[in-house]
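Visitor: What follows is a single structure, and I will ask about it in a moment.
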Ligand code: SF4
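In my numbering, the protein residues as written are 3 to 251.
Structure (structure tokens):
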């Protein structure tokens, strides 16, 4: 939000359609779009309830918290032309925002690449956006039988599969990523998920270890560490399944 307060008074370029509401901005990051300098725009609202969610304030679709108007965000982006390479839309769940397509088109007109972080909750929305996307980070939360436990919502695994299938059949580069809290997923669960993804043709995969801080479910504030040897063996097995694998902790 700090960056938003430094927005210039320049006029935004016109963007058609309903305006995207943005809850916050990370003005510069090197880790949210591989090999690119990016900023991240966080949108409000998510239909899932992952217990480890570290942005629970972004889950409600309606909130009293201050939102940034899209014109103000465009002003910020205009000042970053030549400094940033890409803009990543994150959340919350950005694909459910009616203003996302128009916002992405505006970003393209400004000359930035477009990245998307999504939990894969709407294949039809993702399909509408696909032609605008230069890179996607797709959350795959768990093996099918544990999807409800991790997300707090029923019937999400099937839609996530459809999103993954769409990406696998596209030319858009993407990464699958799984956030892990060891009270929700066991190492064997992670391994069978990864093997399934590799079998389907996923080539880039990341495991993100939940730190628990400020998470939605207070019972998940502590994430027990794996024994060193178990962790090393798991990392070796996972990295052997994919062309590019990262363990983020
Ligand atoms: S962690 Fe889960 S609940 Fe939180 S924003 Fe991401 S998908 Fe939504």
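From the three backbone atoms N, C-alpha and C, an ideal C-beta is built for every residue, glycine too.
In this text, all values refer to a predicted model and were calculated from it rather than measured experimentally.
Taking 7 Å as the cut-off, does the CB of residue 141 come closer than this to any heavy atom belonging to the ligand SF4?
Guide: In the chain shown, residue 141 corresponds to position 139, counting from 1. Yes.
Visitor: Is residue 95 near the ligand SF4, with its Cβ less than 7 Å from a heavy atom?
Guide: Within the chain shown, residue 95 is the residue found at index 93, counting from 1. Residue 95 Cβ: within cutoff of the ligand SF4.
Visitor: Taking 7 Å as the cut-off, is the CB of residue 165 close to at least one heavy atom of the ligand SF4?
Guide: If you number the chain shown from 1, residue 165 lands on position 163. Incorrect: residue 165 has no Cβ contact closer than 7 Å to the ligand SF4.
Visitor: Please say whether residue 91 and residue 132 have beta carbons closer to each other than 8 Å?
Guide: Position 130 of the chain shown, counted from the start, is the residue given in the question as residue 132. Position 89 of the chain shown, counted from the start, is the residue given in the question as residue 91. Contact: no.
Visitor: Could you give the residue range of the beta strand (DSSP E) that holds residue 88?
Guide: Here residue 88 corresponds to residue number 86 of the chain shown, with the count starting at 1. Unbroken beta strand (DSSP E) run through residue 88: 88-92.
Visitor: In chain order, which continuous runs of the beta strand (DSSP E) of length 3 or greater are located wholly inside the stretch 12-87?
Guide: Runs found: 24-31, 40-45.
Visitor: Does the stretch 129-143 touch the stretch 175-191, meaning 3 or more C-beta pairs lie closer than 8 Å?
Guide: In short, these stretches touch, since the Cβ pair count reaches three.
Visitor: Take residue 21 and list the residues in its own chain whose beta-carbon comes closer than 6 Å to its own, dropping the five residues that flank it on each side.
Guide: Counting from one through the chain shown, the residue named residue 21 turns up at place 19. Correct list, in chain order: 72, 101.
Visitor: With a floor of 4 residues, list each alpha helix (DSSP H) that falls wholly inside the stretch 92-163, ordered by position along the chain.
Guide: You should have 102-111, 125-131, 149-153.
Visitor: Cα separation between residue 17 and residue 124?
Guide: Translated into the one-based positions of the chain shown, residue 17 becomes position 15. Translated into the one-based positions of the chain shown, residue 124 becomes position 122. Low confidence applies here, because residue 17 scores a pLDDT of 47, under 50, leaving its location unreliable; read the following figure in that light. One C-alpha to the other measures close to 24 Å.
Visitor: Which word fits residue 215, buried or exposed, when buried means at least 16 other C-beta atoms lie within 10 angstroms of its C-beta?
Guide: Numbered from 1 along the chain shown, position 213 holds the residue referred to as residue 215. Counting Cβ neighbours within 10 Å, residue 215 comes out exposed, since fewer than 16 surround it.
Visitor: What does DSSP give as the partner residues of residue 177 in its beta bridges?
Guide: Locating residue 177 in the chain shown gives position 175, where the first residue counts as 1. Bridge partners of residue 177: 139.
Visitor: Check for me: the alpha helix (DSSP H) holding residue 198 runs from which residue to which?
Guide: Here residue 198 refers to the residue found at position 196 when the chain shown is read from its first residue. It spans 189-202 - the alpha helix (DSSP H) in which residue 198 sits, taken as one unbroken run.
Visitor: Determine the contact status of residue 55 and residue 165, defining contact as a CB-CB distance below 8 Å.
Guide: Counted from its first residue, the chain shown places residue 55 at position 53. Counted from its first residue, the chain shown places residue 165 at position 163. No, these two residues do not count as a Cβ contact at 8 Å.
Visitor: Should residue 249 and residue 209 be called a contact, given that it needs their Cβ atoms to be closer than 8 Å?
Guide: Within the chain shown, residue 249 is the residue found at index 247, counting from 1. Within the chain shown, residue 209 is the residue found at index 207, counting from 1. Yes; because the gap between Cβ atoms is below 8 Å, this pair is in contact.
Visitor: Rounding to the nearest angstrom, what Cα-Cα distance links residue 168 and residue 33 in this structure?
Guide: Taking the first residue of the chain shown as 1, we reach residue 168 at position 166. Taking the first residue of the chain shown as 1, we reach residue 33 at position 31. So the alpha carbons of these two residues sit roughly 24 Å apart.
Visitor: Which residues share a DSSP beta bridge with residue 208?
Guide: Reading the chain shown from its first residue, position 206 is the one you call residue 208. According to DSSP, which records beta bridges pairwise, residue 208 is partnered with 179, 248.
Visitor: Please report the residue range of the alpha helix (DSSP H) in which residue 237 lies.
Guide: The sequence position of residue 237 within the chain shown is 235, counting from 1. Residues 230-241.
Visitor: Where residue 172 and residue 229 are concerned, what is the direct C-alpha to C-alpha distance, given to the nearest angstrom?
Guide: As a first step, residue 172 is located in the chain shown; it is residue number 170 there, counting from the start. As a first step, residue 229 is located in the chain shown; it is residue number 227 there, counting from the start. In a straight line, the C-alpha of residue 172 is about 39 Å away from that of residue 229.
Visitor: So what does DSSP say about residue 217, is it helix, strand or coil?
Guide: Translated into the one-based positions of the chain shown, residue 217 becomes position 215. Note: residue 217 maps to coil in three-state DSSP.
Visitor: Determine the direct distance from the alpha carbon of residue 26 to that of residue 67, and round the result to whole angstroms.
Guide: Looking up residue 67 in the chain shown gives position 65. Looking up residue 26 in the chain shown gives position 24. Distance between the alpha carbons of residue 67 and residue 26 is about 10 Å.
Visitor: Relative to the ligand SF4, is the shortest distance from any of its heavy atoms to the C-beta of residue 196 smaller than 7 Å?
Guide: As a position in the chain shown, residue 196 is number 194, starting the count at 1. The answer is no for residue 196.
Visitor: So, for residue 83: in the same chain, excluding its five sequence neighbours on each side, which residues have a beta-carbon less than 7 Å away from its beta-carbon?
Guide: One-based indexing of the chain shown puts residue 83 at position 81. 112, 113, listed in sequence order.
Visitor: Within 10 angstroms of its Cβ, does residue 183 collect 16 or more other Cβ (buried), or is it exposed?
Guide: The residue labelled residue 183 in the question sits at position 181 within the chain shown. Under this definition residue 183 is a buried residue.
Visitor: According to DSSP, is residue 186 part of a helix, a strand, or is it coil?
Guide: Residue numbering aside, residue 186 sits at position 184 when the chain shown is read from its first letter. Coil at residue 186, not helix or strand.
Visitor: Which residue from 95, 194, 135, 189 puts its Cα closest to that of residue 50?
Guide: Position 48 of the chain shown, counted from the first residue, corresponds to residue 50. Of the candidates 95, 194, 135, 189, the one whose C-alpha sits nearest the C-alpha of residue 50 is 95.
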